[in-house]
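Numbered per my numbering, the sequence shown spans residues 234 to 581. Yeah, the Cβ is synthetic: ideal placement off N, Cα and C, and Gly gets one too. Scroll down for the structure; my scribbles are underneath it.
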Amino acid sequence: MTLQELLQFKHPIFLAPMAGVTTPQLAAEVCNAGGLGALGLGASTPAQALQQILATQALTDAPFQVNFFCHQSTELDAAQGQAWLDYMAPFFSRYHVTPPTALSCIYPSFLDNDDYLKVVLETRPKAVSFHFGLPHPQQIQALKAAGIVTMVSATNLIEAKAIEAAGIDVIIAQGIEAGGHRGVFNQAVDSAITTKDLVQLFKAHCHLPIVAAGGIMNGQHAAKMLNLGASAVQMGTAFIQCKSSNASSAYRKALFQQPITQITSSISGRPARGLVNHWHTQVDQPERPTVPPYPYTYDLAKQLHQTASAQDEHHFAAFWAGTRVAHIRALEPADLINLVMLEMKMPS
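And the structure:
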C-alpha cells in the first residue's frame with residue numbers, strides 16, 4: 234500500500250506538527266487544501282490534547298496526524314540544575330526580576346503512562362507521529378489494533394532501522410536543516426545528515442514509506458525529495474506565518490527579517506534549530522555549564538522569554554525555523570499548498 238493510500242491525502246504535503254504553533258484551524262486548513270494537517274500535542278496536557286483533536290475533527294472530515302514526544306524522562310541532578318540556575322541568573326537580572334530558584338519538568342512523555350494513548354484511542358485520528366523516540370511496544374500494538382497509522386522521526390539509519398523493527402508504518406526523515414527540535418533518540422551521536430542524504434540512505438536500506446522533513450520551503454525543494462524516493466514532504470517553517478498558526482506577531486515578523494538559523498540545546502535541553510538570537514550569541518559561551526536535561530532547561534527558557542517579552546524584548550524567544558527561512562512567503566495554507574504543487578511541476 235502506498236503512503237497516499239495509507240493516509241488518504243490528495244497532495245504529498247504534510248504540515249509539521251509544531252507544538253505551540255499548530256492549531257486546529259491551521260491543521261484543518263491544510264487538510265481542506267489537500268495536504269495532511271497536524272497537531273503538535275507534546276506540550277499539551279491530555280485534556281488539552283483531547284480538546285484540540287475534537288476541535289480539528291469539527292473543522293474537517295479529512296485525515297490529519299497528531300504528534301507526541303517520546304523522550305526518556307529523567308530526574309534532575311540537583312548540582313547540575315543549580316549550576317544552570319546560577320549561570321542564567323544574570324540574564325534575568327537585566328530585566329530587574331528575581332531569577333527562578335528551581336527547575337520543573339513541564340512536559341511529560343508519551344512513555345510515562347497511557348494518558349495520551351487513551352486520548353488517541355478515544356478520538357481515532359488517522360495518524361499519530363512521535364518525536365524523540367519510539368513508544369512502548371504495547372502502545373504501538375494498541376494503535377495498530379485501532380487502525381491508526383504510526384510515524385516516527387529518524388535522524389540517522391540506526392534510528393530508521395529501529396523504527397522499522399518496531400512495526401511503525403512510516404519513517405519521517407528529519408534532516409539537519411529542519412527547524413525546531415532534532416528528533417534524535419540514538420543518543421550516541423547526532424549524525425547531522427542532510428534531508429537529501431537521509432532520504433537516499435533510508436530508501437536504499439529501509440522498506441517503509443519515507444516523509445522528507447527539513448529545509449523544504451517551495452515546490453522545487455519538494456520535487457527533489459520526491460524524485461529521490463520520498464513519498465511526501467513535511468513543511469513547518471513555511472506555515473508558521475499563516476494567520477491561523479499560534480505564532481506571536483514578533484515570531485512572524487522575525488521570520489521575514491532574520492534569515493540565519495542555528496542549533497542550540499540551551500533553550501530546552503535538547504538540540505533545536507531556530508533564528509539566531511541571544512541564546513546563540515550570549516548564552517552559548519565556552520564557559521557555559523552542562524545543560525540540564527529536557528524539559529527542565531525549557532522551563533527556565535520559557536520564564537526568561539516571558540520576562541523579556543513583558544518588556545517588549547524578544548531576543549530570548551524560541552523562534553524555531555529551518556535553514557531556508559529566507560525563502561518564506563506570506564501565504565495562507567491553501568494558497569501555499571497550491572503554489573508548491575504548481576512549482577513542483579516546473580523545471581528546476
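{"Check": "Which residues share a DSSP beta bridge with residue 317?", "Outcome": "Paired residue(s): none; residue 317 is not in a bridge."}
{"Check": "Using a Cβ-Cβ cut-off of 8 Å, state whether residue 310 counts as contacting chain C.", "Outcome": "In the structure shown, chain C cannot be found, because there is only a single protein chain."}
{"Check": "Please determine if the segment 443-458 and the segment 253-263 are in contact, where contact requires at least 3 C-beta pairs separated by less than 8 Å.", "Outcome": "no"}
{"Check": "So which of 244, 235, 254 and 516 has the shortest CA-CA distance to residue 473?", "Outcome": "254"}
{"Check": "So, residue 494 versus residue 554, is the Cβ gap smaller than 8 Å?", "Outcome": "yes"}
{"Check": "Tell me the DSSP bridge mates of residue 271?", "Outcome": "298"}
{"Check": "DSSP on residue 452, reduced to helix/strand/coil?", "Outcome": "helix"}
{"Check": "From the DSSP output, which residues share a beta bridge with residue 383?", "Outcome": "361"}
{"Check": "In this structure, how does DSSP classify residue 485 when only helix, strand and coil are distinguished?", "Outcome": "helix"}
{"Check": "Which whole-angstrom value describes the C-beta separation of residue 562 and residue 504, a residue pair presumed to lie in contact below a C-beta threshold of 8 Å?", "Outcome": "Their Cβ separation, rounded to whole angstroms, is 27 Å, which puts residue 562 and residue 504 out of contact at 8 Å."}
{"Check": "How is the beta strand (DSSP E) around residue 515 delimited, first residue to last?", "Outcome": "Per DSSP, residue 515 belongs to no beta strand (DSSP E) and is neither H nor E."}
{"Check": "Beta carbon of residue 359, beta carbon of residue 296: below 8 Å?", "Outcome": "yes"}
{"Check": "Does residue 242 come out as helix, strand or coil in the three-state DSSP assignment?", "Outcome": "coil"}
{"Check": "Which whole-angstrom value is the C-beta distance of residue 608 and residue 406, which I expect to be below 8 Å?", "Outcome": "Given that the chain is displayed from residue 234 to residue 581, the structure contains no residue 608 and the question cannot be resolved."}
{"Check": "With a threshold of 6 Å on Cβ separation, who are the neighbours of residue 496 within its own chain once the five nearest residues in sequence on each side are excluded?", "Outcome": "504 and 506"}
{"Check": "Just verifying my parser: in three-state terms, what is the DSSP assignment at residue 414?", "Outcome": "strand"}
{"Check": "State the beta-bridge partners of residue 506 as determined by DSSP.", "Outcome": "413 and 496"}
{"Check": "Give the single residue among 314, 541, 557 and 392 whose Cα lies nearest to the Cα of residue 469.", "Outcome": "557"}
{"Check": "Name the residue from 381, 444, 317 and 566 whose alpha carbon lies nearest to the alpha carbon of residue 224.", "Outcome": "This structure cannot settle anything about residue 224, because the visible part of the chain is limited to 234 through 581."}
{"Check": "Taking the beta carbon of residue 321 as the centre, do at least 16 other beta carbons fall within 10 Å, making it buried, or is it exposed?", "Outcome": "buried"}
{"Check": "Does the segment 291-307 touch the segment 349-366, meaning 3 or more C-beta pairs lie closer than 8 Å?", "Outcome": "yes"}
{"Check": "For residue 552, I'd like the list of residues in its chain whose CB is within less than 6 Å of its CB, leaving aside the five on either flank, ordered along the chain.", "Outcome": "484, 487, 507 and 508"}
{"Check": "Per DSSP, what kind of secondary structure is residue 431 in: helix, strand or coil?", "Outcome": "helix"}
{"Check": "Please determine, among 465, 326 and 334, the residue with the shortest C-alpha to C-alpha distance to residue 540.", "Outcome": "326"}
{"Check": "Spell out the partners DSSP gives residue 407 in its beta bridges.", "Outcome": "446"}
{"Check": "Identify, in the order they occur along the chain, each residue of the same chain with its Cβ nearer than 6 Å to the Cβ of residue 536, setting aside the five sequence neighbours on each side.", "Outcome": "333"}
{"Check": "For the putative contact between residue 560 and residue 550, defined by C-beta atoms under 8 Å, what is the C-beta separation to the nearest angstrom?", "Outcome": "Wrong, their Cβ atoms sit about 21 Å apart, outside the cutoff."}
{"Check": "So residue 291 is in the alpha helix (DSSP H); what residue range does that whole segment cover?", "Outcome": "279-292"}
{"Check": "Does DSSP put residue 251 in a helix, in a strand, or in coil?", "Outcome": "coil"}
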